[in-house]
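Per our numbering, the very first residue in the sequence shown carries number -8; after that it's consecutive.
Glycine residues also receive a C-beta, built at the ideal position from the N, C-alpha and C atoms.
Source: prediction; values computed, not measured.
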Amino acid sequence: MDVGPVEYLVVTFPGARFAEAIAPVLADAVTSEAVRILDLTFARKGEGGTLQLVELREMDPQGLVSFAPPGDGPSGLPRIADLGVVESLPEGSSAALVVWEDLWSVPLARAVEAAGGHLVAHERVPADGGDDVITLLERLAELRKQGVLTDAEFAAQKTRILAD
């Protein structure tokens, strides 16, 4: 199966305010067939700081975002509970992990492959030209994985990045 580049983002918001402004925009992206959602997961920081997974129907009671996990999606997708971003959520706030495939790029990937080429880089450039938090955390995790940073150094740098 041809798969376009897969990307993800994590957004946070107070309470359960996903359906008010975020759900309609995400629904438009899916309806336009520019993207295919591979995963859509919600979590809420409950009392005492516990992380609770939340169902889509609770966050989107009107059913604006039609999402059924594809059975043929790529493996190794990120999980919201494994991303350090949700640790910094204030109590009562929520987060959404959106993983999507860029469908518009599948024909391009096929053409590149047919021409004997290969996709060798795929990066997201933030609108302000600087590194976004996710990119910084991914780079930090890679340094820890390579043994450049100790677990304590990793934790300290992650805290600094999330505080900015």
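Taken atom to atom, the span from the alpha-carbon of Ala72 to that of Leu42 is near 8 Å.
Residue environment for Ser23: exposed (fewer than 16 other C-beta atoms within 10 angstroms of its C-beta). Residue state for Pro69 is assigned as coil, using DSSP reduced to three classes.
Between the C-alpha atoms of Ile125 and Ala14 there is a straight-line separation of about 21 Å. Non-local C-beta neighbours of Ala25 in its own chain, meaning closer than 8 Å and more than five positions away in sequence, comprise Asp93, Leu94, Trp95, ordered along the chain.
In terms of Cβ geometry, Ser84 and Lys36 form a close pair [threshold 7 Å]. DSSP places Gln148 within a helical segment (H, G or I) once states are collapsed to three. Counting of Cβ neighbours within 10 angstroms places Thr32 among the buried residues, the total reaching 16 or more.
For Arg130, the uninterrupted alpha helix (DSSP H) run begins and ends at 124 to 136, by DSSP.
As DSSP reads the structure, Val139 sits in no beta bridge.
Taking 7 Å as the cut-off, the Cβ atoms of Ala106 and Thr3 do not count as close. The Cβ atoms of Leu0 and Val89 lie closer than 7 Å to each other. For the pair Val77 and Ala143, the CB atoms are not nearer than the 7 Å cut-off. In terms of CA proximity to Glu82, Gly40 leads the group Asp30, Gly40, Ala18, Ala59.
Remark: C-beta atoms of Ala18 and Leu55 approach each other more closely than 7 Å. Per DSSP, the beta bridge partners of Pro5 are Ser84. In terms of Cβ geometry, Ala10 and Asp51 form a close pair [threshold 7 Å].
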